[in-house]
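The block underneath contains the structure these notes are about, expressed in structure tokens.
Chains as they are written, first to last, in our numbering: chain A, 2 to 422; chain B, 16 to 121.
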């Protein structure tokens with residue numbers, strides 16, 4: 002305890018996890034001072050809209066914020082923005098800021114997130130080679146896409162990497178009236194995260210909206226003129242002309258502060274189900290952590306808002322002596338055009354894939370779900386397109402471990418309520 | 016500004032002024048009202064902003080869309096007056112609206 006026996010909680014990282022942890026600590030009755038330190042110039046905000054509503058200009062700054070600025074003042078939460086933490090001194094229980102200032106803590110919560118993976122590609126340093134992680138990144142991308150067209154053709158974005166960020170950015174780019182080319186080294190998009198049926202569906206849907214795919218394509222360099230990107234040179238020497246290049250090839254955990262301070266890390270800061278690290282005075286939550294996955298009997302990392310919130314609750318509960326929150330089934334979502342993709346669970350240990358509905362773009366809207374089942378017909382994961390009942394029932398089935406009857410699950414005329422009953 | 020009255024499962028009332036155009040969920044999140052989590056930020060993707068609408072206000076808040084209905088079908092503790100608060104837009108006509116939050120959201 003510091004002065005007057007009042008516990009001081011310091012949160013490093015002002016993202017969704019860090020901001021939510023402060024809010025839950027107050028909801029759960031923690032009355033001591035809280036300091037949030039973030040290296041971005043703005044208060045905690047929501048990142049998911051950056052590749053969607055924000056990029057399309059459909060959301061304003063206020064709606065992006067997690068909480069209004071008045072919330073922090075009213076709740077005695079000090080925001081130290083635009084501030085980098087240089088290192089942690091666990092023995093002295095202080096965080097050391099760039100410039101040397103020290104901030105003492107009794108309890109420390111690391112919520113440092115992930116950063117975009119950088120690839121050593123010639124031309125990566127050119128102007129208009131972008132990544133999409135922060136509001137500043139999104140604003141740069143929006144500016145590049147909305148600049149006036151050159152030589153009579155529409156602005157064009159080349160996306161390196163066919164993951165969710167790349168596909169969402171491509172969809173928003175089309176909505177802005179610009180062209181999008183997605184370059185993917187695997188033979189299909191979402192190769193690491195989705196099954197083949199879903200990849201094919203997304204490719205077909207994006208193509209119908211005018212997106213061009215270069216699949217199985219290696220990238221040799223980004224070509225530039227006068228320091229600006231003008232296109233992407235593929236391994237087969239073709240040039241994909243572009244006004245901006247978005248690199249979306251995954252993310253790496255910001256775990257250096259923790260590992261340099263001697264905390265156990267392994268592609269993320271290792272935590273238990275209370276989100277404690279190997280030091281009981283230090284917690285780690287959100288994208289930067291590597292955590293137990295109770296439904297799957299293994300550890301892993303989850304890059305999602307639901308995970309940031311779940312771990313923020315786990316940390317706040319543990320700190321305030323409240324009963325731990327229930328284990329959540331991991332889940333994710335993505336919006337592209339009029340498609341709502343909801344994913345529950347992880348496909349670990351699944352041996353069969355079962356598709357309910359027709360995975361093809363149809364008039365009046367596609368609606369289907371891909372279930373990943375174990376050999377004994379238990380649901381491990383579900384990927385649902387415009388199919389909320391399948392997603393919600395799937396989440397329940399993943400948690401309950403109740404086996405399903407594949408014939409019923411495949412039959413769209415049988416409701417999910419009946420399938421899950 | 017319309018006032019929305021958020022009541023937690025223990026019966027504590029929190030009257031909050033919410034700007035028109037925001038949703039009942041956004042009003043709760045911005046003022047750190049406990050009991051509404053809104054994991055998905057209002058995309059109608061998660062059902063963690065589930066509330067019970069006071070009987071006197073059911074007509075005024077309107078009916079749930081098919082998407083919302085199917086999310087609610089599988090939420091916990093659903094009653095006939097259950098709604099997802101991210102789908103209720105605050106208007107002047109909703110001044111005084113009472114919503115009760117369930118014991119837990121997940």
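Ideal Cβ placement from N, Cα and C applies to all residues, glycine included.
Close beta carbons around residue i, own chain, < 7 angstroms, minus the five adjacent residues each side
i: residue 297 of chain A; result: 347, 349
i: residue 179 of chain A; result: 146, 155, 156, 157, 158
i: residue 4 of chain A; result: In this predicted model, residue 4 of chain A has a pLDDT of only 47, less than 50, meaning its place in the structure is not dependable enough to derive any value.
i: residue 357 of chain A; result: 369, 370, 372, 391, 410, 411, 413
i: residue 317 of chain A; result: 22, 25, 26, 29
i: residue 55 of chain A; result: 65, 139
Neighbourhood of residue i by C-beta, 8 angstroms cutoff - its chain only, sequence neighbours within 5 removed
i: residue 278 of chain A; result: 111, 259, 264, 265, 270, 271, 272, 284, 285
i: residue 330 of chain A; result: 296, 345, 346, 396, 399, 400
i: residue 304 of chain A; result: 115, 252, 288
i: residue 404 of chain A; result: 377, 378, 379
i: residue 186 of chain A; result: 217, 218, 219, 220
Three-way DSSP call (helix, strand, coil) for residue i in this model
i: residue 115 of chain A; result: strand
i: residue 301 of chain A; result: strand
i: residue 411 of chain A; result: helix
i: residue 175 of chain A; result: helix
i: residue 101 of chain B; result: helix
i: residue 358 of chain A; result: strand
i: residue 113 of chain B; result: strand
i: residue 217 of chain A; result: coil
i: residue 108 of chain A; result: strand
i: residue 36 of chain A; result: strand
i: residue 418 of chain A; result: helix
i: residue 73 of chain A; result: helix
i: residue 238 of chain A; result: coil
i: residue 329 of chain A; result: coil
i: residue 128 of chain A; result: strand
i: residue 198 of chain A; result: helix
i: residue 118 of chain B; result: coil
i: residue 169 of chain A; result: helix
i: residue 133 of chain A; result: coil
i: residue 376 of chain A; result: coil
i: residue 230 of chain A; result: strand
i: residue 204 of chain A; result: helix
N- and C-terminal bounds of the alpha helix (DSSP H) containing residue i
i: residue 366 of chain A; result: No alpha helix (DSSP H) contains residue 366 of chain A, which DSSP labels as neither H nor E.
i: residue 143 of chain A; result: 136-147
i: residue 85 of chain B; result: 81-88
i: residue 395 of chain A; result: 389-401
i: residue 20 of chain A; result: 17-28
Bounding residues of the beta strand (DSSP E) (the contiguous stretch that carries residue i)
i: residue 63 of chain A; result: No beta strand (DSSP E) contains residue 63 of chain A, which is instead part of the alpha helix (DSSP H) from 62-65.
i: residue 18 of chain B; result: 18-22
i: residue 90 of chain A; result: 86-90
i: residue 333 of chain A; result: 332-337
i: residue 341 of chain A; result: 340-346
Contact list for residue i against chain C, beta-carbon separation under 9 angstroms
i: residue 47 of chain A; result: Among the protein chains of the structure shown, namely A and B, there is no chain C.
Other residues of its chain near residue i: CB distance less than 6 angstroms, five sequence neighbours each side excluded
i: residue 115 of chain B; result: 22, 67
i: residue 295 of chain A; result: 328
i: residue 7 of chain A; result: 33
i: residue 29 of chain B; result: 21, 48
i: residue 109 of chain A; result: 11, 283
i: residue 308 of chain A; result: none
i: residue 17 of chain A; result: 306, 309
i: residue 128 of chain A; result: 228, 229
i: residue 104 of chain B; result: 38
i: residue 132 of chain A; result: 117, 138, 248
Rounded distance between the beta-carbons of residue j and residue i, thought under 8 angstroms
i: residue 252 of chain A; j: residue 141 of chain A; result: Not a contact, Cβ separation roughly 18 angstroms.
i: residue 373 of chain A; j: residue 388 of chain A; result: Rounded, the Cβ-Cβ distance is 15 angstroms, inconsistent with contact.
i: residue 56 of chain B; j: residue 150 of chain A; result: With a Cβ gap of about 33 angstroms, residue 56 of chain B and residue 150 of chain A do not count as contacting.
i: residue 44 of chain A; j: residue 98 of chain A; result: About 18 angstroms; that fails the 8 angstroms criterion.
i: residue 31 of chain B; j: residue 44 of chain B; result: Wrong, their Cβ atoms sit about 11 angstroms apart, outside the cutoff.
i: residue 406 of chain A; j: residue 386 of chain A; result: Not a contact, Cβ separation roughly 23 angstroms.
i: residue 100 of chain B; j: residue 59 of chain B; result: Actually they do not touch by this definition, with Cβ atoms about 11 angstroms apart.
i: residue 42 of chain A; j: residue 82 of chain A; result: 6 angstroms
Contact test: residue i Cβ vs the ligand ZN heavy atom, cutoff 6 angstroms
i: residue 273 of chain A; result: Here there are no bound small molecules, and the ligand ZN is not part of this structure.
Start-end ranges of the beta strand (DSSP E) lying completely within the region 273-323 of chain A, minimum 3 residues: If you keep only unbroken beta strand (DSSP E) runs of at least 3 residues inside the region 273-323 of chain A, you get 283-285, 290-294, 299-301.
3-residue-minimum beta strand (DSSP E) runs that sit fully inside the region 23-78 of chain B, ordered along the chain: The region 23-78 of chain B contains these whole beta strand (DSSP E) runs: 28-32, 65-68.
Whole runs of the beta strand (DSSP E) within the region 243-268 of chain A, excluding any shorter than 3 residues: Here the runs fully enclosed are 245-248, 252-254.
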